[in-house]
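Written out below as structure tokens is the structure these notes cover.
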Amino acid sequence: MIRYYWHIFITMSRQDQILFVLTLSILLLLIFVIFLAFSTFYLRAKNNRKSRKYYRLERIWEPLLLEILSEERAPESIKSYVHPDDIWQFLTYLSRYIARVDGEARQRLIEAGQPYVKRILNKLHSWRVEKRAEVISLLQRMDPDQYDPAFKKALKDRSFLVNMVAARALARKGQVENGKAILKHLNRFEIWSVNLLSSFIAQVGNGLSPALRALMTDRNKPAWQRTVAIETLHKLYDFKAGDYANVICTPDENREVVAAYLRLLRVIGEEKHIPYIKQVCERNDPVLLANGIRILVNLEKEKFPACLYKAMDHSSIWVVINAAWGLKESGKLDVLRHYAYSDHPRAELARQVLMEA
Amino acid sequence: MIDIPRLFLDFFNHVVLAYFFILNTVYLILNSISFISLRRYARSMRVLQVDELINIAGALPITLIAPAYNEGSTIVESTRSLLALKYPDFEIITVNDGSKDDTLKHVIENFDMIQVSRAPIASLKTAEVKAVYRSRKHYNLWLIDKENGGKADALNCGLNYARTPLFCAIDSDSLLERDSLTRIVRPFLENKETIAAGGIIRIANGCDVRGGEVKNIKLPKNQLARFQVMEYLRAFLAGRMGWDTIKLTFIISGAFGIFKRGIAIAAGGYHTQTVGEDMELVVRLHRYCIENSIPYHITFIPDPVAWTECPESMKILGRQRDRWQRGLIEVLFRHKKMLMNPRYGRIGMLAYPYFFFLEMCGPLVEVPGYLLFLISWATGNLSTMYVSAFFILAFIFGVNLSIFAVGLEELTFKRYGRFRDLLNLFWLAVIENFGYRQLTTYWRARGTWSFFRKVKSWGAMERKGFQTIEADRNKKS
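In order, the protein sequence lines correspond to chains A and B. Residues in the first sequence are numbered consecutively from 1, following the numbering used here. Residues in the second sequence are numbered consecutively from 1001, following the numbering used here.
Quick look at the structure:
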């Protein structure tokens, strides 16, 4: 049959062939356009129906959950109010309540969700990345520790989104073992912002500090991983990390690692760190110098650091800003005023620092 | 004997056909890709909410740079809208670019600004800064009064004074949604290589504005503005989303885009000799990062919204489109080195050629195409059937793309909640093909002509101001 039509087509004149193709395209596009229009209307109707349905269901569930919270109703009694098709919606709704309460009330709500949680576990293997991530997110809010192995497995998932949701779920529980599992798979998170990653890991708590310190000083690890470790220690206010200044503040150390360490020292630094910081400042790297100056100001308040005067003439504006703030913080307002009302190239900046609170 | 005019007509008709086929195929592919990625985006939003990320990691400080030139009618409302943004750490730098109206006075009086000292951090060359002001009411609001130098110059000036790792370039006649900064910052948290991100621009004409926020979203009453609603839906939801999915974001609208300050300065800031400074910066960032082997990511996200007032008169709209076309040509000519250059990867081999051959050269094919098609038909070289079939096909293709965009909107953000608006959008998808599309093609062709005549002017834009509830009440009383 196809051959028959093809034969007719090739026997047509060129003009007719083009006309035929155009007509066929018009027909196909017309069908497509009608399909699109109907799909859009259908979508609108479906969305409206869905939101009406969820609104209705939530109005049914809300008093029941409040009764469970006030112990007027047993958690398992909600079963008859949740249709199997609405499990996902119910768990999402329930998890919003769980997030707002704690203690025994939280436990009662978790109990109410337990029969349904098991039914969504198969979605952990869904082909859709977002579905897998969504299940992990939901399970994490539904709390029980029994899903930790699933979360750890999800750290190896091929999707970054799933990795991150799993890491968040593990970190939130605050168990050192979970934290170690995240550190083990840190290479999966290279793309994420260091700040975000370190904030996640810091949720595990101080128990993870020894492992983080080990990572911080391990020169075989990539610099970004060591930076994450230092930023996490910074967020944990880990004073023991200060004992490694002799290892990190060396001339051949990676610049990002040293900069992160200086930011840590700004919080936990002591007088014993001064020689190391001065050594770093000698590298004349603007980022390191800007960070170093501020720590020196804090640590050497009595012996006012002379390097501030030198820094006021530095070519990097960030170094100058830090020096000006250093002058202000160390009470050298007269010196700063001298800069501000002279013809020094940074006079305006000095005036700005003087005016700012 | 060879009939040269006929041969020429034949040849050109084939060029038009090829152009039409390639352009619409690209559009259809982009639409389909957008469909998939918008669905994924909506789902991933549910899993990892950006508010939560910000709560955990803290917000990246942002400086909003809003250049203003003769924006007296909208500046107060739009600054209020910026001040009301829901974001933990941001400051606003409004740059008065030598306005001839009362823009400066409005800002100083309404926000209690006093002159202060503030030193620039970077040293991009700009027109002279006359004074820096800071609000006594809002500690994060700054005003820089400078000599006129154009929008790019004003942006560079703001960039010089910005101190935060990120800056957000916005038009001062735009209204950002409350959570738009929270949303647009997400790619910077999720991918440390992100250097720029753009949000979606929507039309505020016809919507009610209360307290600097768009409240009641409706289609505009003005027909020209309605056509632009449809155009923006197509351009952002289908076009830019599609390009972003294949990691080829080539344009970030000047009305709302966020950049890493350091890299924008290192690349030289905004180019002041073009009217397409927003696109130019993005193309230059691509080029700068590739040439310096810097890993980078430039992206578009479909849900942070900036509402803007679009032109409601043919004259102003024509000027705007003329300028857009000139800007496009200036940018593409300036970076012509990238065209089909494998060194620039997919940007040089796909995105640049698309904008060069299909967007820039489009009017040069379409305008003569209409004329020569008619000549071919009048001289009997093309049959009436053939010409009609072609125009019907072009019409249905156009309707198709527009309805696809409406479908994408319905699938994801559902901003036009009234059923009447949905019907109107369908109607617009049909009628825009009779006149409006041809007009925009004409304006683009005129822009091409202006470019070759070396016209550099921005063209005055008249602003009506947003339809605020307060203004409505005043009118009634």
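Glycine included, C-beta positions come from ideal geometry on N, C-alpha and C.
- Contact with chain A is absent for E1147/B, since none of that chain's Cβ atoms lies less than 8 Å from the residue's Cβ.
- Under DSSP, F1256/B takes part in a beta bridge, and its partners are I1170/B.
- Exposure of F1434/B is indicated by the presence of fewer than 16 other C-beta atoms within 10 angstroms of its C-beta.
- Look at R1163/B here: in three-state DSSP terms it is coil, with no helix or strand label.
- Considering only R1006/B, V1015/B, D1010/B, the residue with the shortest C-alpha distance to L1364/B is V1015/B.
- By the Cβ rule, the stretch 1364-1380 of chain B does not count as touching the stretch 1296-1315 of chain B, because fewer than three pairs are nearer than 8 Å.
- Rounded to whole angstroms, the separation of the alpha carbons of L1124/B and G1268/B is 7 Å.
- When DSSP states are grouped into helix, strand and coil, Q203/A belongs to the coil group.
- With a cut-off of 8 Å on Cβ pairs, the stretch 1140-1152 of chain B is in contact with the stretch 1105-1119 of chain B, counting three or more such pairs.
- Cβ contact annotation for L1175/B (same chain, cutoff 8 Å, sequence separation greater than five): E1077, S1078, S1081, A1204, V1209, G1212, E1213, V1214, A1306, W1307, T1308, F1466, in chain order.
- By the 16-neighbour rule on beta-carbons within 10 angstroms, W127/A is exposed.
- DSSP places T1103/B within a helical segment (H, G or I) once states are collapsed to three.
- For Y1270/B, the secondary structure class from DSSP, reduced to helix, strand or coil, is coil.
- Judged by DSSP in its simplified three-state form, L236/A adopts coil rather than helix or strand.
- Assignment of W1443/B by DSSP, reduced to helix, strand and coil, places it in the helix class.
- The C-alpha of M1349/B is placed about 28 Å away from the C-alpha of L1408/B.
- For a Cβ distance threshold of 8 Å, residue set G1407, E1410, L1411 of chain B lies close to L43/A, ordered along the chain.
- Of the residues assessed, I248/A falls on the buried side of the cut-off, its CB having 16 or more other CB atoms within 10 angstroms.
- Exposed is the label assigned to Y55/A, since fewer than 16 other Cβ atoms lie within 10 Å of its Cβ.
- Neighbourhood of I1396/B in chain A, by CB distance below 8 Å: I26, L29, L30, V33, in chain order.
- Proximity of the stretch 1089-1106 of chain B to the stretch 1153-1164 of chain B meets the contact definition, three or more beta-carbon pairs being nearer than 8 Å.
- As the crow flies, the alpha-carbon of N206/A is around 6 Å from that of L236/A.
- According to the DSSP assignment, A1197/B belongs to the beta strand (DSSP E) that extends over 1194-1203.
- Rounded to the nearest angstrom, the Cβ distance from F200/A to A167/A is 6 Å, consistent with a contact under 8 Å.
- In the displayed model, F1404/B falls within a helix according to three-state DSSP.
- For Q15/A, a Cβ of chain B is located within less than 8 Å of the residue's own Cβ.
- For S1135/B, no alpha helix (DSSP H) run applies; the uninterrupted beta strand (DSSP E) run containing it begins and ends at 1129-1135, by DSSP.
- One Cα belongs to L1371/B, the other to F1452/B, and the distance between them is close to 22 Å.
- As the crow flies, the alpha-carbon of T1272/B is around 18 Å from that of G1257/B.
- If you draw a straight line from the Cα of F1404/B to the Cα of F1397/B, it is about 10 Å long.
- Excluding its 5 nearest sequence neighbours in each direction, V319/A has C-beta neighbours in its own chain below 8 Å: P286, L289, A290, I293, A311, listed in chain order.
- Nearest C-alpha to T40/A among F1020/B, L1030/B, F1395/B, D1421/B: D1421/B.
- Put simply, the CB of E1190/B is near chain A, with a gap under 8 Å to one of its CB atoms.
- Interface criterion met: the Cβ of S1044/B is under 8 Å from a Cβ in chain A.
- Residue range 1004-1047 is occupied by the alpha helix (DSSP H) that includes F1008/B.
- Contact annotation: E190/A and R1046/B have beta-carbon atoms that are not nearer than 8 Å.
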